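What follows is a single structure, written as structure tokens, with notes after it.
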Amino acid sequence: MTGASTCWSDTVVALGALNRAPGLHGLVLKMRPGPVYDAAMQAVADTFPKTTRWTPSMPAAALTGGIDPVATLAAGRAVHRRGLLQQEAPLIVASAERLEPQTAAIIAQAMDDGGAPPLILIDESAEAEESPPLFLTDRVAFLCDLTGLSMREIGETTPDSPATAVVEDPEATLALIAARLGIPGVRPVLLALGAARALADGDEVTEADVAQAAALVLAPRALTLPEEMDEDSPAEETPKQEECANDGDTGGSRPLDDMVIDAVRARLPDGLLDTPPTLGKAGRGFSGSGAKRRGNRRGRPLPAKAGAPDGHARLDLVATLRAAIPWQTLRHRAAPDRTGVILRPSDLHVQRMEERADRVLVFTVDASGSSAMARLGEVKGAIELVLARAYARRDHVALVAFRKEQADTILPPTRSLVQAKRQLAALPGGGGTPLATGMEAGLRQALHARSRGMTPQMILLTDGRGNIAIDGTANRTKASEDAQQVARHLAASRIDTLVIDTGARPQAPLAELARNMHATYVPLPRAQASQISDVVADAL
Numbered sequence: 181m182t183g184a185s186t187c188w189s190d191t192v193v194a195l196g197a198l199n200r201a202p203g204l205h206g207l208v209l210k211m212r213p214g215p216v217y218d219a220a221m222q223a224v225a226d227t228f229p230k231t232t233r234w235t236p237s238m239p240a241a242a243l244t245g246g247i248d249p250v251a252t253l254a255a256g257r258a259v260h261r262r263g264l265l266q267q268e269a270p271l272i273v274a275s276a277e278r279l280e281p282q283t284a285a286i287i288a289q290a291m292d293d294g295g296a297p298p299l300i301l302i303d304e305s306a307e308a309e310e311s312p313p314l315f316l317t318d319r320v321a322f323l324c325d326l327t328g329l330s331m332r333e334i335g336e337t338t339p340d341s342p343a344t345a346v347v348e349d350p351e352a353t354l355a356l357i358a359a360r361l362g363i364p365g366v367r368p369v370l371l372a373l374g375a376a377r378a379l380a381d382g383d384e385v386t387e388a389d390v391a392q393a394a395a396l397v398l399a400p401r402a403l404t405l406p407e408e409m410d411e412d413s414p415a416e417e418t419p420k421q422e423e424c425a426n427d428g429d430t431g432g433s434r435p436l437d438d439m440v441i442d443a444v445r446a447r448l449p450d451g452l453l454d455t456p457p458t459l460g461k462a463g464r465g466f467s468g469s470g471a472k473r474r475g476n477r478r479g480r481p482l483p484a485k486a487g488a489p490d491g492h493a494r495l496d497l498v499a500t501l502r503a504a505i506p507w508q509t510l511r512h513r514a515a516p517d518r519t520g521v522i523l524r525p526s527d528l529h530v531q532r533m534e535e536r537a538d539r540v541l542v543f544t545v546d547a548s549g550s551s552a553m554a555r556l557g558e559v560k561g562a563i564e565l566v567l568a569r570a571y572a573r574r575d576h577v578a579l580v581a582f583r584k585e586q587a588d589t590i591l592p593p594t595r596s597l598v599q600a601k602r603q604l605a606a607l608p609g610g611g612g613t614p615l616a617t618g619m620e621a622g623l624r625q626a627l628h629a630r631s632r633g634m635t636p637q638m639i640l641l642t643d644g645r646g647n648i649a650i651d652g653t654a655n656r657t658k659a660s661e662d663a664q665q666v667a668r669h670l671a672a673s674r675i676d677t678l679v680i681d682t683g684a685r686p687q688a689p690l691a692e693l694a695r696n697m698h699a700t701y702v703p704l705p706r707a708q709a710s711q712i713s714d715v716v717a718d719a720l
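Under the working numbering, think of the first position of the sequence shown as 181, with each following residue one higher.
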């Protein structure tokens, strides 16, 4: 959770604002177990005397409510239970970094519908890659990082801001500040506006309220920071500005958004904006087939799992009875007036199914240079060999060829060997090497396949000597920079990639490019169709 506020007083102020304005949805507290954790939870208890608690190990049905199967069977009628998201007490979600996307989506939907209580998400992650789902943290107003605090800083508060002028249009001011900080979307502006109104003593929002709301809500989300004000401004303007400030008239003084930007700048950790966003964990390499997808509607049955049914999992009646039957004698002795099977919550089991997504192998081939025709001939043969094996593994194959200044999709994802041979027959070659353009086209094909529920994997065949930039200019340095940029996009997209070096000797720049995209690098000089096919098969 980069960019979160690290000030203890900010956490206290955020809790108070959330108590006054539940429409701010909540806050994220990033902290590890320890004295600071205990102090923060005490601050939550002091602000909200009554709360409810949920952890990812608990069933999602506890959030949404619904029919209680055990109580229903015992009573002989439908017994409904109320979910935690339907209550008014603030909900503390412990270990929020372990939230499954499906469960987080349930919480986010309740927030969008306006029926969710204030949320306090506890982020106990130890690694930068671990964090609560982004689409959930985007919906809460405050992000507070307490991992860098010590007990000596607990209890320290910032002095109250002096009375300042009333802001006539706080929404426009906050929107301008968000734009200058590079924050996209309308939601952060609305959350900051709600925070400013919650911080205001009365109905009128002052400059201090806007500054504090921007520091609490917008600063943790800042992506860019405007340049400092021009220090060469005329000195004679200073007395005029001071006179206007003393008179309480801000018309000729320094613009409000500039003053707020300075307040936001003071809340940003050193070097925060110099660090690129975390790309996430690298892909785990090629797997034997498409990605596994768990569900409860179709696919290969898996052993039932203990747990209560909810909106995603169905009750496995056979497994539930199998778990309950051995205990019936003891349970009937304890409750002789009960008849039939006596169930306990620990008996409940839900169904599990598993299916595998179709896999798409996106061949991205360098079709440039004098040796292109020989290389493409081997690639054609390799693709035909891979397609011949595709039926057993449910693989699809696509081909992107790049040469001159462009990349073309020669073969869209297909399992048809006849169609593949027809499209490969007239594959052109020759010209420059737009490596970055070809990688970008392969990435687009892979992302498109993923959007259709398939598992994409890319095989890049090239000698790594790119000399055409993405903009079409013949600039080897720019072409290398563009390729590195696309490689980082591939790593961020977590597309499993195999890089086959087809040069006469292994190329160190291409090996480095493969590392940047978290890909497997295989030097294969004078590649033949059977060799390429075997390497791909081994990687799969």
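Where a beta carbon is used, it is the ideal one built from N, C-alpha and C, also for glycine.
None of these values were measured; they are calculated from a predicted model.
Open item on the list: Spatial neighbours of L459 within its chain, please: C-beta separation below 8 Å, excluding the five flanking residues on both sides.
Closed with: Here residue 459 corresponds to residue number 279 of the sequence shown, with the count starting at 1. Because L459 carries a pLDDT of 30, less than 50, the predicted location of this residue cannot be relied on, and the following value inherits that uncertainty. So the qualifying residues of the chain are R668, A671, A672.
- [ ] Return the bridge partner residues of Q586 from the DSSP annotation.
- [x] Here residue 586 refers to the residue found at position 406 when the sequence shown is read from its first residue. According to DSSP, Q586 bridges with R583.
TODO: Classify R674 as helix, strand or coil using the three-state DSSP reduction.
DONE: Walking along the sequence shown from the start, residue 674 turns up at place 494. Coil at R674, not helix or strand.
TODO: Tell me whether V702 sits in a helix, a strand or coil according to DSSP, three-state version.
DONE: Here residue 702 is taken as the residue at index 522 of the sequence shown, counted from 1. If DSSP states are grouped into helix, strand and coil, V702 belongs with the strands.
TODO: Determine the burial state of S237: buried for a count of at least 16 other Cβ atoms within 10 Å of its Cβ, exposed for fewer.
DONE: Within the sequence shown, residue 237 is the residue found at index 57, counting from 1. Classification of S237: exposed, given that the 10 Å Cβ count is below 16.
Task: Neighbourhood of L640 by C-beta, 6 Å cutoff - its chain only, sequence neighbours within 5 removed - done: Taking the sequence shown and counting its residues from 1, one reaches residue 640 at position 460. Taken in chain order, the residues that qualify are T544, V679.
Open item on the list: Please state whether the Cβ-Cβ distance between V577 and L541 is less than 7 Å.
Closed with: For this step, residue 577 is matched to residue 397 along the sequence shown. For this step, residue 541 is matched to residue 361 along the sequence shown. Yes, the Cβ-Cβ distance between V577 and L541 is below 7 Å.
Open item on the list: Below 6 Å, is the gap between the Cβ of L204 and the nearest heavy atom of the ligand ZN?
Closed with: Looking at this structure, you won't find the ligand ZN or any other ligand, since it has none at all.
Open item on the list: Using a Cβ-Cβ cutoff of less than 6 Å, which residues in the same chain neighbour L253 once the five nearest sequence positions on both sides are dropped?
Closed with: The residue you call residue 253 lines up with position 73 of the sequence shown. Cβ within range, chain order: L523.
Open item on the list: In whole angstroms, give me the CA-to-CA distance for A488 and Q266.
Closed with: Taking the first residue of the sequence shown as 1, we reach residue 488 at position 308. Taking the first residue of the sequence shown as 1, we reach residue 266 at position 86. Their backbone Cα atoms lie some 19 Å apart in a straight line.
Task: Run of the beta strand (DSSP E) containing P636, from where it starts to where it stops - done: Locating residue 636 in the sequence shown gives position 456, where the first residue counts as 1. Per DSSP, P636 belongs to the beta strand (DSSP E) from 635–642.
Open item on the list: Quick check: the segment 270–290 against the segment 307–318, are at least 3 beta-carbon pairs closer than 8 Å?
Closed with: yes
- [ ] Put A578 into one of helix, strand or coil per three-state DSSP.
- [x] Working through the sequence shown from its first residue, we reach residue 578 at position 398. Correct three-state label for A578: strand.
Task: Residues of its chain near A684, where Cβ-Cβ distance is below 7 Å and the 5 sequence neighbours each way are ignored - done: Counting from 1 along the sequence shown, the entry for residue 684 is found at position 504. Result list for A684: P705, in chain order.
Task: Coil, strand or helix - A255 by DSSP - done: Your numbering for residue 255 matches position 75 in the sequence shown. The answer is helix: DSSP assigns A255 an H, G or I state.
- [ ] Take R262 as the anchor and find which of L271, I272, G256, I247 has the nearest alpha-carbon.
- [x] Translated into positions along the sequence shown, residue 262 becomes position 82. Out of L271, I272, G256, I247, I247 has the C-alpha closest to the C-alpha of R262.
Task: Top-ranked residue by Cα proximity to A694, from D718, L615, A654 - done: Position 514 of the sequence shown, counted from the first residue, corresponds to residue 694. When each option's Cα is compared against that of A694, the closest is L615.
- [ ] Determine the closest residue to T404 out of A504, P481, R360, with distance taken between C-alpha atoms.
- [x] Counting from 1 along the sequence shown, the entry for residue 404 is found at position 224. Comparing Cα positions, the closest option is R360.
TODO: Give, in chain order, every unbroken run of the beta strand (DSSP E) that is at least 3 residues long and sits entirely within the segment 224–273.
DONE: 232–234, 245–247, 260–262, 271–273
TODO: Indicate whether R539 and D575 have their beta-carbon atoms separated by less than 7 Å.
DONE: Taking the first residue of the sequence shown as position 1, residue 539 is located at position 359. Taking the first residue of the sequence shown as position 1, residue 575 is located at position 395. Yes; because the gap between Cβ atoms is below 7 Å, this pair is in contact.
Open item on the list: I need the boundaries of the beta strand (DSSP E) containing D546, first residue and last residue.
Closed with: To locate residue 546, count along the sequence shown from 1; it is residue 366. Per DSSP, D546 belongs to the beta strand (DSSP E) from 539–546.
Task: Identified DSSP bridge partners for D179 - done: Any answer about residue 179 is impossible in this case: the structure gives the chain only from 181 up to 720.
Open item on the list: DSSP three-state label for G432, please.
Closed with: Within the sequence shown, numbered from 1, the residue matching residue 432 stands at position 252. Note on G432: pLDDT 43, under 50, position unreliable in the model; no value is reported.
Task: Reduced DSSP secondary structure (H/G/I, E/B, other) of D218 - done: Residue mapping note: residue 218 aligns to position 38 of the sequence shown, counting from 1. DSSP places D218 in helix when its eight states are reduced to three.
TODO: Please classify H205: does DSSP put it in a helix, a strand, or coil?
DONE: Residue numbering aside, residue 205 sits at position 25 when the sequence shown is read from its first letter. Note: H205 maps to coil in three-state DSSP.
Open item on the list: Here's the rule I'm using: 16 or more other beta-carbon atoms within 10 Å means buried, otherwise exposed. How should G328 be labelled?
Closed with: The sequence position of residue 328 within the sequence shown is 148, counting from 1. Counting Cβ neighbours within 10 Å, G328 comes out exposed, since fewer than 16 surround it.
Open item on the list: Run through the DSSP bridge pairs and tell me what R532 is partnered with.
Closed with: Here residue 532 is taken as the residue at index 352 of the sequence shown, counted from 1. R532 pairs with L482.
TODO: Note down the Cα distance separating Y701 from A663, rounded to an integer number of angstroms.
DONE: In the sequence shown, residue 701 corresponds to position 521, counting from 1. In the sequence shown, residue 663 corresponds to position 483, counting from 1. Going from the Cα of Y701 to the Cα of A663 covers about 16 Å.
Task: Backbone CA spacing between A393 and L373 [nearest angstrom] - done: As a position in the sequence shown, residue 393 is number 213, starting the count at 1. As a position in the sequence shown, residue 373 is number 193, starting the count at 1. Those two C-alpha atoms are separated by around 7 Å.
Task: Backbone secondary structure at I680 - three-state DSSP - done: In the sequence shown, counting from the first residue as 1, residue 680 sits at position 500. Strand at I680.
- [ ] Please name the residue in A306, D218, P400 whose C-alpha comes closest to that of I334.
- [x] Reading the sequence shown from its first residue, position 154 is the one you call residue 334. If we check each option's Cα against that of I334, D218 comes out closest.
Open item on the list: Just to confirm my understanding: we take Q708, look at its own chain, exclude 5 residues before and 5 after, and list those with CB closer than 7 Å. What are they?
Closed with: Numbered from its first residue, the sequence shown carries residue 708 at position 528. Counting only Cβ-Cβ distances below 7 Å, and skipping sequence neighbours, we find E558.
TODO: Name the one or two DSSP bridge partners that P300 has.
DONE: The sequence position of residue 300 within the sequence shown is 120, counting from 1. Checking the displayed sequence, the identity of residue 300 turns out to be Ile instead of Pro. Note: I300 sits in a beta bridge opposite L207, I272.
Open item on the list: Suppose you measure from the CA of A621 to the CA of K658; what does that come to, to the nearest Å?
Closed with: Position 441 of the sequence shown holds residue 621. Position 478 of the sequence shown holds residue 658. Using only the alpha carbons, I get a separation of about 18 Å.
Task: Where P516 sits in the DSSP three-state scheme - done: Walking along the sequence shown from the start, residue 516 turns up at place 336. Coil.
- [ ] Give the straight-line distance between the Cα atoms of D718 and Q711, rounded to the nearest whole angstrom.
- [x] Position 538 of the sequence shown, counted from the start, is the residue given in the question as residue 718. Position 531 of the sequence shown, counted from the start, is the residue given in the question as residue 711. Taking the straight line joining both Cα atoms gives about 10 Å.
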